[in-house]
Amino acid sequence: MRRLLTPAQVGSLMNVSEKTVARMAHDGRLPKPHLIGGKPRYSEGDVERFLGITDGPSAGFTLDTRSGSIYLEIVKAKYMVIDMGQRYAVFELKDGSLHLRPWRSDIVDDLPDNQQPVFLSCEDTDVPEVALCDLPSLASAGRTPR
């Protein structure tokens with residue numbers, strides 16, 4: 003059975019204050035809390051689904067936009083491909099699909115099959131360098147090396 007979380011616990015998960023949690027629930031950016039003894043409690047499952055946490059904790063952050071908030075999972079480069087002096091990051095999503103983008107930390111919002119955007123982190127340069135031909139098929143590429 004899932005736990006009920008206090009506003010402080012939800013705030014800790016999201017790295018925001020209790021007031022921000024209440025504000026986000028009030029304006030629909032978070033699931034509405036249940037009132038237990040007149041005090042707000044959040045379903046752990048609802049909060050985890052909202053944050054995109056499925057199989058254990060995943061690193062990420064919430065980005066506020068004009069149309070609402072989105073949760074961006076942080077994915078790290080798994081491989082580096084160098085083509086004609088340009089570096090590319092190969093990263094893997096939870097479904098096992100590989101994707102190729104220019105080597106820079108950035109939001110990737112052009113994934114196929116309506117997949118949720120992610121934040122690609124290229125801070126760790128200690129990843130294996132591979133040739134493009136040595137990779138299994140790519141699910142998407144922002145710009146394919148020659």
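Quick note on this note's numbering: the sequence shown kicks off at 3 and runs consecutively. Ideal Cβ positions, reconstructed from N, Cα and C, are used throughout, including at glycine. This one's a predicted model, so the numbers in the text were calculated from it and none came from an experiment.
Self-check item: Residue range of the unbroken beta strand (DSSP E) whose run includes Lys21
Solution: Run containing Lys21: none in the beta strand (DSSP E); it sits in the alpha helix (DSSP H), Glu20 to His28.
Quiz item: By DSSP, does Val77 sit in helix, in strand, or in coil?
Solution: In the structure shown, Val77 sits in a strand (DSSP, three-state: E or B).
Quiz item: Can the beta-carbon of Leu134 be found closer than 8 angstroms to that of Val83?
Solution: Yes, these two residues count as a Cβ contact at 8 angstroms.
Quiz prompt | Reference Ala91, options Arg5, Asp97, His28 and Val129, closest by Cα | solution = For Ala91, the nearest C-alpha among the options comes from Val129.
Quiz item: What residue does the alpha helix (DSSP H) around Gly47 start on, and which one ends it?
Solution: Where Gly47 is concerned, the enclosing alpha helix (DSSP H) stretches over Glu46 to Leu53.
Quiz item: Counting Cβ pairs, one atom from each stretch, are 3 or more of them under 8 angstroms apart for the stretch 32 to 45 and the stretch 91 to 108?
Solution: Short answer: they don't touch.
Exercise. Return the residue from the list Ile72, Val49 and Trp105 that minimises the CA-CA distance to Gly87.
Key: Out of Ile72, Val49 and Trp105, Trp105 has the C-alpha closest to the C-alpha of Gly87.
Quiz item: Mapping DSSP to helix, strand and coil, what is Gln11?
Solution: Here Gln11 sits in helix by DSSP.
Quiz item: Closest by CA to Asp115, which one among Ala141, Cys124, Arg5 and Val23?
Solution: Nearest C-alpha to Asp115: Ala141.
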